[in-house]
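Chemist: Using the numbering used here, the first residue of the sequence shown is number 14, and each one after it goes up by one.
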Amino acid sequence: MIDLPLEEMYERSPKDQVHIQRFLSANCFGDYYTRNGVDISVREMITLSILIALGGVESQIKGHIQGNLNIGKNIGAVSVELTPADLGEIDDAAAKIAVQGARYPEKLEQMTGR
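Right, dumping it as structure tokens:
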């Protein structure tokens, strides 16, 4: 993984993709990583877990494996098997969470062109 400052990454991006790079930077890092409530260690592990569960996003998985390693996580030591009962408990708990507010801040919504 190449570790470039954001502006250099934008300069190296194809001109027709710079807007996507800027959106992802503002959205992922400017919104999610700056939220309170969960520290970066837990947030990074949750992100990796979700990406693995989604599948088909190998480049993001590789990036988040590196992110976990960068903060001292031993990815090889993480082994969790969820039973159908465990998944049912998670579904039940998630169903009780009331989602409030917009999915994205207004400024980011404007960047999507919607």
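Glycine included, each C-beta is placed from N, C-alpha and C at the ideal position.
Between the C-alpha atoms of L19 and V70, what's the straight-line distance to the nearest angstrom?
Modeler: Taking the sequence shown and counting its residues from 1, one reaches residue 19 at position 6. Taking the sequence shown and counting its residues from 1, one reaches residue 70 at position 57. Going from the Cα of L19 to the Cα of V70 covers about 22 Å.
Chemist: When we look at the beta-carbon of L67 and count the other beta-carbons within 10 Å, is it buried (16 or more) or exposed?
Modeler: As a position in the sequence shown, residue 67 is number 54, starting the count at 1. The residue in question, L67, is exposed, as its Cβ has fewer than 16 Cβ neighbours within 10 Å.
Chemist: Have a look at S26 and H32 and give me their C-alpha separation to the nearest angstrom.
Modeler: As a first step, residue 26 must be located in the sequence shown, where it is residue number 13. As a first step, residue 32 must be located in the sequence shown, where it is residue number 19. So the two alpha carbons sit approximately 10 Å from each other.
Chemist: Beta-carbon within less than 6 Å of D99's beta-carbon, same chain only, minus the 5 sequence neighbours each way: which residues are those?
Modeler: Residue mapping note: residue 99 aligns to position 86 of the sequence shown, counting from 1. Closer than 6 Å at the Cβ level, and outside the excluded window around D99, lies no residue.
Chemist: Going by Cα to Cα distance, which pick from Q34, I110, I78 and K28 is closest to S62?
Modeler: Sequence index remark: in the sequence shown, residue 62 carries index 49 (1-based). Among Q34, I110, I78 and K28, the Cα nearest to that of S62 is on I78.
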